[in-house]
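Q:
There are 2 protein chains.
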Amino acid sequence: MNKVNVTSNDPKWGVQAFATLFDITPRAVRFYEDKGLITPCRENGSRVFGPVEYVRFERILRAKRLGFTLDDIKEVLDVMDGTVRAHVELRRRRENFARVVKNLSRRREDIKKLTADMTDLCARIDTHLADVNPDDHGLAFAADYEAVFREHFADEHTSDINRNDDNA
Amino acid sequence: MNKVNVTSNDPKWGVQAFATLFDITPRAVRFYEDKGLITPCRENGSRVFGPVEYVRFERILRAKRLGFTLDDIKEVLDVMDGTVRAHVELRRRRENFARVVKNLSRRREDIKKLTADMTDLCARIDTHLADVNPDDHGLAFAADYEAVFREHFADEHTSDINRNDDNA
DNA sequence: ATGTAAGTTGACGTTAACGTCAACGTTATA
DNA sequence: TATAACGTTGACGTTAACGTCAACTTACAT
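Sequence order for the protein chains is F and D.
Heads up, the first sequence is in the numbering used here, so the first residue is 1 and it goes up one at a time.
Heads up, the second sequence is in the numbering used here, so the first residue is 1 and it goes up one at a time.
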């Protein structure tokens, strides 16, 4: 329970080292600071990144990979930092966050389907490359998907009532 | 096996109707055509979208939601359409596709973690909003995540040897 | 003292994915 | 016949997320 604040042997990075940790450029890191996503401490002018910045940045990039904008991410970080005291605003953001969570499960479905599609495609390519004679390989896909459309389309549009929007 | 080409009672949409089906603008649809992602048939000048375009567009947007660029997506569609005959190029793309599939499983992890984070945050907001006295709620997060960093960081960097790049 | 490697702040350029007009053609309905 | 309603093709504007300089400081090894 004692807040000793032992930052002695904690790892520290300059902007260059920190950037390469996440496989990005120093420019990107500075850009994120300008946007207010991270606020590294300074030692005579230079930025110094520690463990706190590391975990924070991990989550930033995680969200970014999933297609969220930096403004979206800041909306979350602000709440985490406790800089959003107004209850009305907190409630507003909480609703958005809840929507995001819902959409994330839909993303999972997207990943499933895309993974299936891509592995299937890879398999088709393999068989085609292994094949000796080049037959009408290209049209296979269109034919397949035209066939199963009716059922698919029916499904989509009976459940069309409860639609909801995208990301943030 | 008989290619009857029964397009009689198939659903058809104009660009406006088609766009609203996917909750986007006609401009976006036209843009995708300019990029070569879809090629709807024409009836005296106007674009006409059918089932084929529908399923195609579904997949396009699915990939887009996961952060892929339109050029990335076109690389896939070209192969599906069979317009990439050169074996060398086919092999090249197949490798990329395989990488994409691998990265998609990492995306799943991203979703998991972000979902956990967001639901946790929502819960914290709820308890804070329900609470009567406003105590030092804001700092909770930073403290929590500083604590678990060491172990976390060690994990990250022992498995740092087998890194691989991002999307396409 | 002189590189050299690391950092800094502007300022401007760039790319993707559209938005936003403008100017125009076609069809159906009052 | 006129006036919507729906379509078309440019052409230009916009935003996010940086890249790419330039001009400069600071720390340290030779």
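Glycine residues also receive a C-beta, built at the ideal position from the N, C-alpha and C atoms.
Source: prediction; values computed, not measured.
(1) I need the straight-line Cα distance from residue 16/D to residue 12/F, nearest angstrom please.
(2) Okay, do the segment 87-95 of chain D and the segment 88-102 of chain F touch, 3+ Cβ pairs below 8 Å being the bar?
(3) Taking 7 Å as the line, does the beta carbon of residue 67/F fall inside it for any heavy atom of the ligand ATP?
(4) Looking only at its own chain, which residues have a Cβ that is under 7 Å from the Cβ of residue 37/D, when we skip the five neighbours before and after it?
(5) Distance check for residue 29/F and residue 48/F, CA to CA, integer angstroms please.
(6) With DSSP as the reference, label residue 48/D as helix, strand or coil.
(7) Give, in chain order, every unbroken run of the alpha helix (DSSP H) that is at least 4 residues long and sits entirely within the segment 68-107 of chain D.
(8) For chain D, is any of its Cβ atoms less than 8 Å away from the one on residue 20/F?
(9) Alpha carbon to alpha carbon, how far is residue 98/F from residue 105/D?
(10) Pop quiz: residue 101/D and residue 115/F are said to be a contact at Cβ under 8 Å. What is the actual Cβ separation, rounded to whole angstroms?
(11) Which residues bound the alpha helix (DSSP H) around residue 21/D?
(12) Cα separation between residue 58/F and residue 110/F?
(13) Along chain D, which residues have their Cβ under 7 Å away from the Cβ of residue 174/F?
(14) Would residue 51/F pass as a contact of residue 10/F if the rule is Cβ separation under 8 Å?
(15) If we ignore side chains and look at the alpha-carbon of each, how far apart do residue 20/D and residue 53/D end up?
(16) Which first and last residues belong to the alpha helix (DSSP H) in which residue 34/D is found?
(17) Counting only beta-carbon atoms, is residue 127/D nearer than 8 Å to chain F?
(18) Kindly list the residues whose CB is nearer than 7 Å to the CB of residue 22/D, restricted to its own chain and excluding five residues on each side of it in sequence; keep chain order.
(19) Pick out whichever of 117/F, 80/F, 127/F and 124/F has its Cα sitting closest to the Cα of residue 123/D.
(20) Please confirm whether residue 17/D has its beta-carbon closer than 8 Å to some beta-carbon of chain F.
(21) Short check: CB of residue 108/F to CB of residue 66/F, under 8 Å?
(22) Using a Cβ cut-off of 8 Å (strictly closer), state whether residue 67/D contacts chain F.
(23) What do you reckon, are the CB atoms on residue 82/F and residue 46/F nearer than 8 Å?
A: Let me lay it out:
(1) The residue you call residue 16/D lines up with position 16 of the second sequence. The residue you call residue 12/F lines up with position 12 of the first sequence. Roughly 55 Å separates the two Cα atoms.
(2) no
(3) By its list of ligands, the structure shown contains no ligand whatsoever, and the ligand ATP lies outside what it can speak to.
(4) Counting from one through the second sequence, the residue named residue 37/D turns up at place 37. 60, 70, 73, 74 and 77.
(5) For the purposes of this step, residue 48/F is identified with residue 48 of the first sequence, where counting begins at 1. For the purposes of this step, residue 29/F is identified with residue 29 of the first sequence, where counting begins at 1. Each residue's Cα considered, the two are about 12 Å apart.
(6) As a position in the second sequence, residue 48/D is number 48, starting the count at 1. In the structure shown, residue 48/D sits in a strand (DSSP, three-state: E or B).
(7) 70-81
(8) Counting from 1 along the first sequence, the entry for residue 20/F is found at position 20. Residue 20/F does not count as touching chain D.
(9) The residue you call residue 98/F lines up with position 98 of the first sequence. The residue you call residue 105/D lines up with position 105 of the second sequence. Straight-line Cα distance between these residues: approximately 24 Å.
(10) Counting from one through the second sequence, the residue named residue 101/D turns up at place 101. Counting from one through the first sequence, the residue named residue 115/F turns up at place 115. Contact holds; Cβ gap of about 6 Å.
(11) By one-based count along the second sequence, residue 21/D stands at place 21. Residue 21/D -> alpha helix (DSSP H) spans 15-21.
(12) The residue you call residue 58/F lines up with position 58 of the first sequence. The residue you call residue 110/F lines up with position 110 of the first sequence. Approximately 23 Å, taken between the alpha carbons.
(13) Coverage of chain F is limited to positions 1 through 168, which leaves residue 174/F absent and any answer about it impossible.
(14) Looking up residue 51/F in the first sequence gives position 51. Looking up residue 10/F in the first sequence gives position 10. Yes, these two residues count as a Cβ contact at 8 Å.
(15) By one-based count along the second sequence, residue 20/D stands at place 20. By one-based count along the second sequence, residue 53/D stands at place 53. Their Cα atoms are separated by approximately 14 Å.
(16) Along the second sequence, read from residue 1 onward, the residue named residue 34/D stands at position 34. From DSSP, the alpha helix (DSSP H) with residue 34/D extends over 26-34.
(17) Position 127 of the second sequence, counted from the first residue, corresponds to residue 127/D. No - not a single Cβ of chain F is within 8 Å of the one on residue 127/D.
(18) As a first step, residue 22/D is located in the second sequence; it is residue number 22 there, counting from the start. Correct list, in chain order: 57 and 61.
(19) Translated into the one-based positions of the second sequence, residue 123/D becomes position 123. The residue with the shortest Cα to Cα distance from residue 123/D is 80/F.
(20) Walking along the second sequence from the start, residue 17/D turns up at place 17. Closer than 8 Å: no.
(21) By 1-based counting over the first sequence, the position of residue 108/F is 108. By 1-based counting over the first sequence, the position of residue 66/F is 66. No, these two residues do not count as a Cβ contact at 8 Å.
(22) Here residue 67/D corresponds to residue number 67 of the second sequence, with the count starting at 1. Yes, its Cβ sits closer than 8 Å to a Cβ of chain F.
(23) Here residue 82/F refers to the residue found at position 82 of the first sequence. Here residue 46/F refers to the residue found at position 46 of the first sequence. Against a cut-off of 8 Å, the Cβ pair of residue 46/F and residue 82/F comes out as no contact.
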